[in-house]
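Data block below; observations after.
Residue numbers (our numbering), protein chains in the order written: chain A, 1093 to 1413; chain B, 8 to 385.
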């Protein structure tokens, strides 16, 4: 494997890790606030459909992204309603919303475009343009670092950089602000937050809605940045990989970034079977596909340190009477 | 809050959830410019108004009974088994290996062998998540989801690299020998009369040899095994010591521990039974219908098991009825795809909505009913 192939792999890794990262951070906010979110997948899919549709109809990728956020928020609201207001089973609610999203996205896309559940291919302003970072072309000739900067780090859709910037932002919000402290507390011990006079329901809704926005962006990136349009089931289990990454990262922002990059790397390897063969490894592609899940099970088994979820996760809060 | 009479909780809550799901689906249909009434008519006609329709409805229902029971058994121990899909796929692998590797003289012996294989493979796939939950406290929902994906990858790998006949391109195993073919409804005594083919003037259609001809349907003898599984699950849960321990553990883990019930043992045994039931589904779809192992053989039936169990209030009778309802939804949905421009994906939407209303928004339904009952009493 030469340096150029390696850079290509890294480039694809970054592109494929971005939707995982958005969804993973979405799950992080929600689960840190004590609301399990199996429905990341469905919200992403909903976001992707809305983004693809609106971007095609209006020709504007940003209106598409806005629509993605709205569509995903709608599902987040239902999830909040079921798991916070009506104290229903959060896991079942997430599973249900995934099914609804899987069906409804195809129904709408078929009704609007009739192309087998796809949106027509997006072009021009309806796609997320690639951002060239400053000095990318000037530095390209510098050995080793130059191509790395120009080809891997520079030249991605804007949301790739937004996703990476969200990692320190999330860290700061969770660990350095009052809101973050309360958010984490409400996931560990909601009664203490309630005693302090802060509304548990409002905090949890805030977290669930933040998750909705992030999943919408993940979907928008999938439909307008990574690919040119929405296709049925285009998220292909990424919501669950993000969930796996979240556990792998033990619900911490920086670790989430590394976990998503790792899983994105597996995905990019699965796209390039020739690379593994060239270094003499014969790994079947399905094994690479399954690696994130296998790794997560290993983490869950406690073989690599124990993954302890937020203590109040999954439990509806009932105020004392 | 829980002031509802028992009959209302058992009958009205699922019924109203179903009506809500149907209403939302109707709104979705209206929004995409289709007619809900037309959809319902086509579905009823396609699934219930002809013997052939019933042949398909009951075939789907058979699979859903098995996966519904799998989710039910786990539910009673307080475990949410989302992994029935993967367990059913592994069950299919067991059936395929059993049917392809061994020379069975008669289908009845092959059926017994395949049932054992399906149950063992399904249970084995549930064993790891069960062990991790029992010993390591890792959440069974997450691990079973992961195992669904691992199962899907495993099946692709096995089918493409090992089980695929060298001459074939598609990722599927070789056909099973004809001797292991299970009797379908149109081949069973008494029942077959419903599936006779008629000429336009009402005569029974005969083949050149002078024998009556039948409509071929996928529903097969596994349907009766599914009913037996319902009875067996009922006996297990409410009339055995193990069932008592499972339910006690599900109601209160602390109380069960105090009563000397081993949490590790109950978690693992329950999940093994649950996985075995999910695996048994494969005798219906793999051995009874496809007669070879296909990629994604379970086709989502494992997930429908969740809807069936919730809709059936986690009772075998309810599971049976809910499975028939979902069999109707599946066959009716297929009829929609054939006869109208309404996409077949409508059934996934309905499935999701049923799960949402019966499993997550059930408190909302109860509150609504509670208001109604209190208003009547006042």
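Built from N, CA and C at the ideal position, the CB exists for glycine as well.
Evaluate residue i with the Cβ neighbour count: other Cβ atoms within 10 Å of its Cβ, from every protein chain shown; 16 or more gives buried, anything less gives exposed.
{"i": "residue 23 (chain B)", "result": "buried"}
{"i": "residue 172 (chain B)", "result": "exposed"}
{"i": "residue 352 (chain B)", "result": "buried"}
{"i": "residue 1359 (chain A)", "result": "buried"}
{"i": "residue 223 (chain B)", "result": "exposed"}
{"i": "residue 1221 (chain A)", "result": "exposed"}
{"i": "residue 206 (chain B)", "result": "exposed"}
{"i": "residue 348 (chain B)", "result": "exposed"}
{"i": "residue 155 (chain B)", "result": "buried"}
Between residue i and chain B, is the shortest Cβ-Cβ distance under 8 angstroms, so that the two count as touching?
{"i": "residue 1341 (chain A)", "result": "no"}
{"i": "residue 1360 (chain A)", "result": "no"}
{"i": "residue 1095 (chain A)", "result": "no"}
{"i": "residue 1375 (chain A)", "result": "no"}
{"i": "residue 1194 (chain A)", "result": "yes"}
{"i": "residue 1184 (chain A)", "result": "yes"}
{"i": "residue 1282 (chain A)", "result": "no"}
{"i": "residue 1136 (chain A)", "result": "no"}
{"i": "residue 1187 (chain A)", "result": "yes"}
{"i": "residue 1200 (chain A)", "result": "yes"}
{"i": "residue 1127 (chain A)", "result": "no"}
{"i": "residue 1249 (chain A)", "result": "no"}
{"i": "residue 1404 (chain A)", "result": "no"}
{"i": "residue 1153 (chain A)", "result": "no"}
{"i": "residue 1410 (chain A)", "result": "no"}
{"i": "residue 1354 (chain A)", "result": "no"}
{"i": "residue 1271 (chain A)", "result": "no"}
Return the Cβ separation of residue i and residue j in integer angstroms, given the expectation that the two are a contact with Cβ distance under 8 angstroms.
{"i": "residue 139 (chain B)", "j": "residue 150 (chain B)", "result": "5 angstroms"}
{"i": "residue 1124 (chain A)", "j": "residue 1275 (chain A)", "result": "6 angstroms"}
{"i": "residue 287 (chain B)", "j": "residue 98 (chain B)", "result": "6 angstroms"}
{"i": "residue 1143 (chain A)", "j": "residue 1156 (chain A)", "result": "4 angstroms"}
{"i": "residue 1309 (chain A)", "j": "residue 1114 (chain A)", "result": "5 angstroms"}
{"i": "residue 1205 (chain A)", "j": "residue 1212 (chain A)", "result": "6 angstroms"}
{"i": "residue 1340 (chain A)", "j": "residue 1351 (chain A)", "result": "4 angstroms"}
{"i": "residue 281 (chain B)", "j": "residue 133 (chain B)", "result": "6 angstroms"}
{"i": "residue 300 (chain B)", "j": "residue 293 (chain B)", "result": "6 angstroms"}
{"i": "residue 1262 (chain A)", "j": "residue 1345 (chain A)", "result": "4 angstroms"}
{"i": "residue 84 (chain B)", "j": "residue 325 (chain B)", "result": "Actually they are not in contact, since the Cβ atoms of residue 84 (chain B) and residue 325 (chain B) sit about 18 angstroms apart, beyond 8 angstroms."}
{"i": "residue 1164 (chain A)", "j": "residue 1307 (chain A)", "result": "5 angstroms"}
{"i": "residue 58 (chain B)", "j": "residue 201 (chain B)", "result": "5 angstroms"}
Out of the options, which has the shortest C-alpha to C-alpha gap to residue i?
{"i": "residue 329 (chain B)", "options": "B:362, B:305, B:263", "result": "B:362"}
{"i": "residue 1219 (chain A)", "options": "A:1319, A:1279, A:1195", "result": "A:1319"}
{"i": "residue 274 (chain B)", "options": "B:80, B:121, B:124, B:180", "result": "B:80"}
{"i": "residue 1453 (chain A)", "options": "A:1228, A:1134, A:1176", "result": "Outside the shown range of chain A (1093 to 1413) lies residue 1453 (chain A), about which nothing can therefore be said."}
{"i": "residue 1132 (chain A)", "options": "A:1150, A:1240, A:1336", "result": "A:1336"}
{"i": "residue 198 (chain B)", "options": "B:62, B:311, B:182, B:269", "result": "B:62"}
{"i": "residue 54 (chain B)", "options": "B:326, B:220, B:255, B:64", "result": "B:64"}
{"i": "residue 70 (chain B)", "options": "B:37, B:305, B:209", "result": "B:305"}
{"i": "residue 186 (chain B)", "options": "B:295, B:167, B:206", "result": "B:295"}
{"i": "residue 245 (chain B)", "options": "B:321, B:177, B:219", "result": "B:321"}
{"i": "residue 308 (chain B)", "options": "B:29, B:72, B:15, B:50", "result": "B:72"}
{"i": "residue 1390 (chain A)", "options": "B:341, B:76, B:146, B:216", "result": "B:146"}
{"i": "residue 1256 (chain A)", "options": "A:1240, A:1395, A:1381, A:1109", "result": "A:1109"}
{"i": "residue 86 (chain B)", "options": "B:260, B:247, B:365", "result": "B:260"}
{"i": "residue 143 (chain B)", "options": "A:1259, A:1249, A:1392", "result": "A:1392"}
Is any beta-carbon of chain A found at less than 8 angstroms from that of residue i?
{"i": "residue 337 (chain B)", "result": "no"}
{"i": "residue 50 (chain B)", "result": "no"}
{"i": "residue 264 (chain B)", "result": "no"}
{"i": "residue 368 (chain B)", "result": "yes"}
{"i": "residue 63 (chain B)", "result": "no"}
{"i": "residue 16 (chain B)", "result": "no"}
{"i": "residue 74 (chain B)", "result": "no"}
{"i": "residue 275 (chain B)", "result": "no"}
{"i": "residue 156 (chain B)", "result": "yes"}
{"i": "residue 160 (chain B)", "result": "yes"}
Mind checking the stretch 78 to 99 of chain B against chain A and listing, in chain order, the residues whose C-beta falls within less than 8 angstroms of any C-beta there? Closer than 8 angstroms at the C-beta level to chain A, one finds these residues of the stretch 78 to 99 of chain B: 87, 89.
Going along the stretch 1313 to 1345 of chain A in order, which residues come within less than 9 angstroms of chain B, judged by CB to CB distance? Hits within the stretch, in order: 1324, 1329, 1332, 1333, 1335, 1336, 1339.
For the stretch 28 to 44 of chain B, which residues have a CB atom closer than 7 angstroms to at least one CB atom of chain A, in sequence order? 35, 39, 40
Using Cβ-Cβ distances below 7 angstroms, what residues of the stretch 348 to 365 of chain B are close to chain A? 350, 352, 353, 355, 356, 358, 359, 360, 362, 363
Residues in the stretch 199 to 226 of chain B with C-beta within 8 angstroms of chain A's C-beta atoms, listed in sequence order? none
Cβ-based contacts, 9 angstroms cut-off: residues of the stretch 1162 to 1182 of chain A near chain B: 1170, 1171, 1173, 1174, 1175, 1177, 1178, 1179, 1180, 1181, 1182
To be precise: take each residue of the stretch 116 to 145 of chain B, compare its Cβ to all Cβ atoms of chain A, and keep it if any distance is under 7 angstroms. Which residues remain? Those would be 139, 143, 145, in chain order.
Give, in chain order, every residue of the stretch 294 to 313 of chain B whose Cβ lies closer than 8 angstroms to some Cβ of chain A. Residues passing the 8 angstroms Cβ filter: 310, 313.
If you measure beta-carbon to beta-carbon, which residues of the stretch 168 to 198 of chain B are closer than 9 angstroms to chain A? 168
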